[in-house]
Amino acid sequence: MRDKLINKAIKVLEDNFQDGGFTIPSKGLYPFQWKWDSGFIALGFAHYDLKKAKIEVETLLDAQWENGFIPHIIFHTDSDSYFPGPDFHQSNLHPQSSKKYRSTGMTQPPVMGFILERLLEIDKGSDEMLEFISKQIDKVYENHVYFYENRDWNNEGLVYIYHNWESGTDNSPMWDDIWLTMDPPEYEFERRDTSHVDASQRPSKREYDHYLYIIDVAKKYNYDDAKIAEHSPFLVLDPLFNSILIRSNEALIKLYKLLGGNDEKIAYLKSKQQKSIQSLNAKLFNEELGAYLHFDLRNNRQIPYISSSSFTPLYSGAPDRAMAERLVKTMIQKFGGEDRYLCASFDPTHEKFNPKKYWRGPVWINMNWMLYHGLKRYGYDELGQRVKNDSLELVENNGFFEYFDSRKANPDAEKSGYGGDNFSWSAALLIDFLKEES
Ligand code: GLC
1 MRDKLINKAI KVLEDNFQDG GFTIPSKGLY PFQWKWDSGF IALGFAHYDL KKAKIEVETL
61 LDAQWENGFI PHIIFHTDSD SYFPGPDFHQ SNLHPQSSKK YRSTGMTQPP VMGFILERLL
121 EIDKGSDEML EFISKQIDKV YENHVYFYEN RDWNNEGLVY IYHNWESGTD NSPMWDDIWL
181 TMDPPEYEFE RRDTSHVDAS QRPSKREYDH YLYIIDVAKK YNYDDAKIAE HSPFLVLDPL
241 FNSILIRSNE ALIKLYKLLG GNDEKIAYLK SKQQKSIQSL NAKLFNEELG AYLHFDLRNN
301 RQIPYISSSS FTPLYSGAPD RAMAERLVKT MIQKFGGEDR YLCASFDPTH EKFNPKKYWR
361 GPVWINMNWM LYHGLKRYGY DELGQRVKND SLELVENNGF FEYFDSRKAN PDAEKSGYGG
421 DNFSWSAALL IDFLKEES
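Put into structure tokens, the structure is as follows:
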């Protein structure tokens with residue numbers, strides 16, 4: 001059974017791997033290379049084809065800009081199955097953008113630090129992998145420096161995102177109140193996503209108007225970070241994004257120590273790390289709700305909703321014991337009913353919860369992977385195991401979908417897998433979950 005599932009997962013990855021040395025998340029719906037997808041995908045490859053794992057990482061890091069920025073999508077090929085493409089994004093407006101690749105001018109969570117660490121673990125600390133890491137690690141470091149030097153608006157160790165697509169949790173209800181502060185023009189464009197996936201599982205046209213408008217604001221300022229911070233209607237401190245940065249800092253420090261030398265880089269990362277953890281706990285943890293929240297910098301307020309991102313600081317190691325205890329309690333109470341799979345992407349007890357729609361409720365395997373490791377880190381082994389088992393069960397019962405219904409008895413459908421099919425990170429992380437046991 002297990003081997004059969006792993007073989008199926010391998011087939012998904014192999015089918016999605018492209019000649020240009022990168023892997024698409026899903027045919028038709030996502031036909032290019034995505035930043036955080038690439039990291040998770042590399043972990044899947046690493047269990048059976050180290051060469052491909054390395055190529056995936058190399059190709060992504062090759063698209064880095066001169067200022068250390070790594071874009072969220074690298075448009076390696078021309079494909080008309082996706083909108084908005086490179087002609088809309090025009091990231092070459094930024095003077096330091098890549099001359100080699102076309103890309104977006106926004107980024108995604110910085111997973112690559114902990115991905116390199118995990119690759120070394122999977123390859124049992126081999127010299128070859130260490131050698132590979134020694135060649136790539138400075139690019140990841142430069143990406144962190146980019147964030148701290150350009151995106152830490154209040155100099156508090158927390159970096160902002162200026163677009164909901166930077167969060168990775170694209171149409172989470174988190175952003176709803178921000179949309180209310182905006183009134184973008186009605187764009188005329190042809191959606192491509194809804195020709196691949198049922199519209200009920202995707203964002204609305206009006207939501208897309210907001211997404212496009214923020215990009216236009218960034219373009220107006222040639223993607224200059226300082227100007228974006230000043231003018232973007234969307235400016236958010238995201239607990240997921242910052243937790244991933246913190247966890248990746250930790251991994252980089254560890255890897256640099258292993259490699260030897262690099263004292264200045266280690267010192268830089270350590271000082272940022274301390275500040276980041278302090279501010280994450282002080283500014284984003286909400287005692288009353290028992291969760292980390294998003295902070296809307298533009299409107300200077302916490303966003304009072306709980307999502308799976310709220311628990312990801314466990315993976316970063318930032319919460320103290322009491323905070324971790326509170327988080328776990330909230331997760332069990334609101335997300336963990338017997339009739340549910342863990343972990344819904346949005347608070348199932350909230351009226352905005354939608355079990356089928358993109359980031360407004362379904363379970364995502366990459367979030368579960370981080371939560372699993374986070375729960376284990378704090379000794380919540382049983383709950384962690386439940387998150388892992390639920391992930392395996394969802395994939396086994398439904399296939400390698402992009403996201404899954406969190407309701408165990410799903411009244412609306414026979415299958416509970418939604419969004420893109422043969423989705424790469426669902427396959428890659430299933431392999432990592434299963435191989436971890438062997
Ligand atoms: C969706 C997800 C995003 C992911 C992308 C490619 O846009 O919201 O997190 O990176 O698909 O899979």
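Numbering (UniProt numbering), first residue to last: 1 to 438. Cβ atoms here follow ideal geometry from the backbone N, Cα and C, with glycine treated the same way.
- The beta carbons of L5 and F45 sit no closer together than 8 Å.
- The three-state reading of DSSP puts F404 in strand, counting E and B together.
- One Cα belongs to S98, the other to R118, and the distance between them is close to 28 Å.
- By the CB criterion at 8 Å, I73 and F32 fall inside the cutoff.
- Proximity annotation: the ligand GLC has residues P25, Y30, W34, D37, G168 and D170 in chain order, each selected because its CB is closer than 5 Å to a heavy atom of the ligand.
- Given a length threshold of 4 residues, each whole run of the alpha helix (DSSP H) inside the region 262 to 348 is given here in chain order: 263 to 279, 313 to 316 and 321 to 330.
- Beyond the five residues adjoining it in sequence on each side, K352 comes within less than 6 Å, by CB distance, of P173 in the same chain, given in chain order.
- Contact between N242 and V159 holds: their C-beta atoms lie close to 6 Å from each other, under 8 Å.
- Within the model, the alpha-carbon separation for S26 versus K205 is close to 22 Å.
- The C-beta of M1 has fewer than 16 other C-beta atoms within 10 Å across all chains shown, which makes the residue exposed.
- Counting along the chain, the unbroken alpha helix (DSSP H) around F241 starts and ends at P239 to L259.
- Under the three-state reduction of DSSP, I70 is assigned to coil, being neither helix nor strand.
- Sequence-distant Cβ neighbours of Y221 in its own chain, meaning closer than 7 Å and more than five residues away, are K227, I228 and H231.
- In the structure shown, the three-state DSSP call for V111 is coil.
- By the C-beta density criterion, N7 is exposed, having fewer than 16 other C-beta atoms within 10 angstroms.
- In the three-state DSSP reduction, Q136 falls in the helix class (H, G or I).
- Taking 8 Å as the cut-off, the Cβ atoms of I24 and A428 do not count as close.
- Of E188, S406, Y211 and D123, the smallest CA-CA separation from N171 is found for Y211.
- Here Q64 carries a coil assignment [DSSP, helix/strand/coil].
- CA-to-CA, the gap between Y292 and N154 works out to about 19 Å.
- Secondary structure of S103 (DSSP, three-state): strand.
- Per DSSP, K35 is one residue of the alpha helix (DSSP H) stretching across K35 to A46.
- Secondary structure at F22: strand, using DSSP grouped into helix, strand and coil.
- Distance from the Cα of L289 is smallest, within the candidate group E325, K254 and G317, for E325.
- If the five residues before and after Y187 are omitted, its C-beta is found closer than 6 Å to the C-beta atoms of D209 and L212, all from its own chain and listed in chain order.
- Contact annotation: K272 and I253 have beta-carbon atoms that are not nearer than 8 Å.
- Taken atom to atom, the span from the alpha-carbon of L120 to that of G20 is near 24 Å.
- Secondary-structure assignment with DSSP links V236 through a beta bridge to I161 and D296.
- In terms of Cβ geometry, L375 and H196 do not form a close pair [threshold 8 Å].
- Judged by DSSP in its simplified three-state form, F88 adopts helix.
- Distance from the Cα of M112 is smallest, within the candidate group S103, K100, I137 and L342, for I137.
- Going by beta carbons, T104 and S91 fall inside the 8 Å limit.
- Judged by pairs of C-beta atoms under 8 Å, the region 370 to 384 touches the region 312 to 321, as three or more such pairs exist.
- Per the C-alpha coordinates, the member of L258, F400, E156 and D80 positioned closest to F189 is D80.
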